[in-house]
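Novice: Numbering (the UniProt record's numbering), first residue to last: 1 to 189.
Just dropping this structure here.
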């Protein structure tokens, strides 16, 4: 559940999950600082905090950018326990990363023991359509199967970067606090 800080500002903990190299860190840096980093450097775990305004209310988002490499699978449970919302990221150019989303989701559901945990499936690298390996229909099918929203993003061009965060936070707020209505229209704007 979101915590209130000293200024009664809601704090929402969002966890980025996905295979290594899919662009979790690049998406996070775009959201936080409006910058794109070309060079890939594997992340162990980085935490960021940002204030945003959602439906007229200022909230703080605490984003944990997790390691995607299999070497770090054992420590993920600890990260997942503290998460209130999850962005499960794959690259539309790598089918293996899409297949891995199933394992990430199962691990999150096992740790959280909650089918209604706020969750967003994110297909990154939408700027690389010519290298696409995961079809839009396939990704949308998985999101429908799971009952979660799907959005395609590009950390490079910034396409839908803010939308992905806002959708996830709004889902969290609806499920956990019943303050705002879930706004799927953001996906289809």
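No residue lacks a Cβ here, since even glycine has one placed at the ideal position from N, Cα and C.
Values in this document were obtained by computation on a predicted structure and should not be read as measured data.
Going by DSSP in three states, residue 123 sits in which element: helix, strand or coil?
Specialist: Here residue 123 is taken as the residue at index 123 of the chain shown, counted from 1. In the structure shown, residue 123 sits in a strand (DSSP, three-state: E or B).
Novice: Spatial neighbours of residue 159 within its chain, please: C-beta separation below 8 Å, excluding the five flanking residues on both sides.
Specialist: Indexing the chain shown from 1 puts residue 159 at position 159. The residues are 126, 127, 152, 153.
Novice: Who are the near neighbours of residue 50 in its chain, counting only those whose CB is closer than 8 Å to its CB and skipping five residues on each side?
Specialist: To locate residue 50, count along the chain shown from 1; it is residue 50. If we look at residue 50 and ignore the five residues flanking it on each side, its Cβ neighbours are 31, 32, 60, 61, 63.
Novice: From this set, 130, 124, 118, which residue's C-alpha is nearest residue 147's C-alpha?
Specialist: As a position in the chain shown, residue 147 is number 147, starting the count at 1. Among 130, 124, 118, the Cα nearest to that of residue 147 belongs to 118.
Novice: With a threshold of 16 other CB atoms inside 10 Å of the CB of residue 100, please say whether the residue is buried or exposed.
Specialist: Walking along the chain shown from the start, residue 100 turns up at place 100. So residue 100 ends up on the buried side.
Novice: Mind checking residue 253: buried by the 16 CB within 10 Å criterion, or exposed?
Specialist: Outside the shown range of the chain, which is 1 to 189, sits residue 253, and nothing can be said about it.
Novice: In this structure, does DSSP put residue 104 in helix, strand or coil?
Specialist: Looking up residue 104 in the chain shown gives position 104. Residue state, collapsed to three classes: helix.
Novice: Out of 144, 38, 12, which has the shortest C-alpha to C-alpha gap to residue 21?
Specialist: Locating residue 21 in the chain shown gives position 21, counting from the first residue. Closest by alpha carbon: 38.
Novice: How should residue 108 be labelled, buried or exposed, when 16 other C-beta atoms within 10 angstroms of its C-beta is the threshold for buried?
Specialist: On the chain shown, position 108 is the one that residue 108 refers to. When all chains shown are included, residue 108 counts as buried.
Novice: Measuring alpha carbon to alpha carbon, tell me which of 35, 56, 66, 53 ends up nearest residue 47.
Specialist: On the chain shown, position 47 is the one that residue 47 refers to. Ranking the options by Cα distance to residue 47, first place goes to 66.
Novice: Within this structure, are the beta carbons of residue 17 and residue 89 separated by less than 8 Å?
Specialist: Taking the first residue of the chain shown as 1, we reach residue 17 at position 17. Taking the first residue of the chain shown as 1, we reach residue 89 at position 89. Result yes, Cβ atoms of residue 17 and residue 89 sit closer than 8 Å.
Novice: Under 8 Å Cβ to Cβ from residue 140, same chain only, skipping five residues before and after it: list those, please.
Specialist: The count along the chain shown starts at 1 and reaches residue 140 at position 140. Result list for residue 140: 150, in chain order.
Novice: Identify every residue that forms a DSSP beta bridge with residue 50.
Specialist: For the purposes of this step, residue 50 is identified with residue 50 of the chain shown, where counting begins at 1. Residue 50 is bridged to 61.
Novice: Please name the residue or residues paired with residue 89 in a DSSP beta bridge.
Specialist: Stepping through the chain shown from its first residue, residue 89 is reached at position 89. Paired residue(s): 122.
Novice: Could you please give the first and the last residue of the uninterrupted beta strand (DSSP E) stretch that includes residue 193?
Specialist: No answer is possible for residue 193: the residues shown for the chain start at 1 and end at 189.
Novice: Taking only three categories from DSSP, how would you classify residue 15?
Specialist: As a position in the chain shown, residue 15 is number 15, starting the count at 1. In this structure, residue 15 counts as strand in the three-state DSSP scheme.
Novice: So for residue 28, helix, strand or coil by DSSP?
Specialist: As a working note, residue 28 is residue 28 in the chain shown. The answer is helix: DSSP assigns residue 28 an H, G or I state.
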